[in-house]
Amino acid sequence: MKDISIAIDGPASSGKSTVAKILAKDYGYIYIDTGAMYRAVTYLALAKKISVETEELLIQAIEKQPISFQASENGQQVFVGDENVTEAIRQNDVTNLVSTVAAKSLVRTALVKLQQEFGKNGGVVMDGRDIGTVVLPKAEVKIFLVASVEERAERRYKENIAKKIPTDFEILKEEIARRDYLDSTREISPLVQAEDAVLLDTTGLNIEEVVGEIKKIIIEKT
Ligand code: C5P
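At position 12 of the sequence shown the residue is numbered 12 (UniProt numbering), and the sequence of numbers has no breaks.
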């Protein structure tokens with residue numbers, strides 16, 4: 001198979017990153033977690049006490065300490081400058097603020113540019129909210145993953161507990177629904193299914209089944 005671009009979008013905790021990582025490994029592609037990039041900017045805003053309303057300052061801070069990914073035996077690590085923020089960006093303070101940061105136009109412009117740079121040679125699996133619509137509109141394969149809020153909250157709850165992130169199930173469910181609302185109703189690049197994306201409802205499916213469905217779609221489209 002020639003090196004194609006695979007765009008996976010969908011709401012919070014719909015399983016995008018888990019399946020994207022497996023696909024990237026199976027095809028020998030690079031994996032770009034764009035949510036981690038918005039989380040990294042949010043982390044920097046909190047760490048440096050930069051108001052989300054002062055977008056220019058936030059962009060300057062990111063230019064000084066660029067976001068990068070590094071493969072490791074513990075999975076892909078996310079860096080802001082020299083600092084490994086892989087765990088920090090999954091904490092509740094970042095999760096609760098990230099959708100507000102991601103709605104800012106200068107932040108989006110800067111990160112989309114970087115994401116397009118990462119994906120310019122193909123051979124990439126990228127997941128997020130606007131990959132099929134804005135970042136890689138020419139991607140050969142576009143998937144829009146959805147699942148019920150209940151199931152997504154259950155999956156994320158288990159992940160958080162495994163990572164020792166303190167979590168209350170009901171609050172988590174509300175937080176996921178709130179993030180979906182903010183991401184879908186923002187003015188710039190809202191979370192919407194691209195016209196040419198294939199909708200895949202993963203409610204009741206396990207990871208292997210979802211990966212299997214996507215591989216069938218990839219075969220059909222290439
Ligand atoms: O994918 P994840 O849940 O880690 O993304 C965190 C947040 O980053 C999302 O809720 C959304 O606000 C933002 N995001 C975005 N566009 C992307 C990826 C993530 O706005 N392409």
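The C-beta atom is built at its ideal place from N, Cα and C for all residues, glycine as well.
Q.
So, with DSSP's three-state summary, where would you put L199?
A. strand
Cβ of G35 within 8 Å of any heavy atom in the ligand C5P?
-> Yes, the beta carbon of G35 sits closer than 8 Å to at least one heavy atom of the ligand C5P.
Backbone secondary structure at E83 - three-state DSSP: strand
- Task: Output the boundary residues of the beta strand (DSSP E) element that contains K142.
- Result: 141-146
Item to complete: Would you mind reading off the limits of the alpha helix (DSSP H) that contains Y157?
Response: 149-162
CB of K2 to nearest heavy atom of the ligand ZN: below 8 Å? This structure lacks the ligand ZN; its bound ligands are the ligand C5P.
query: Along the chain, which unbroken stretches of the alpha helix (DSSP H) at least 4 residues long are found entirely within the stretch 32-86?
result: 34-47, 55-64
**Asked** Any idea what DSSP makes of I8, helix, strand or coil?
**Response** The answer is strand: DSSP assigns I8 an E or B state.
*Buried versus exposed call for L200 [16 or more other C-beta atoms within 10 Å across all chains shown]*: buried
Contact between the stretch 183-190 and the stretch 127-139 is defined here as three or more beta-carbon pairs at a separation below 8 Å; is this criterion met? The stretch 183-190 makes contact with the stretch 127-139, as at least three CB pairs between them are under 8 Å.
Task: Under 9 Å between C-beta atoms of L97 and A45 - done: yes
When DSSP labels each residue in this structure, what does G128 get in the three-state scheme? strand
*Taking residue 223 as the reference, give the member of Y38, Q60, S72 with the closest Cα.*
The structure shown does not extend to residue 223, since the chain spans only 1 to 222, so no value can be given for it.
request  = Spatial neighbours of V149 within its chain, please: CB distance less than 8 Å, with the 5 preceding and 5 following residues excluded, ordered by chain position.
outcome  = K173, I176, A177, D180
V141 CB to nearest heavy atom of the ligand C5P below 8 Å: no
Rounded to whole angstroms, what's the CA-CA distance from E208 to K104? Just pull it up for me.
36 Å
| Any non-hydrogen atom of the ligand C5P closer than 8 Å to I171 Cβ | At a threshold of 8 Å, I171 does not count as near the ligand C5P, since its beta carbon sits no closer than that to any of the ligand's heavy atoms.
| query | Do V128 and the ligand C5P come close, with the Cβ less than 8 Å from some heavy atom? | reply | Looking at the sequence shown, residue 128 is not Val but Gly. Yes, the beta carbon of G128 sits closer than 8 Å to at least one heavy atom of the ligand C5P.
| query | For chain B, is any of its Cβ atoms less than 9 Å away from the one on R186? | reply | Although the question refers to chain B, the structure presented lacks it and comprises just one protein chain.
Relative to the ligand C5P, is the shortest distance from any of its heavy atoms to the C-beta of I131 smaller than 8 Å? yes
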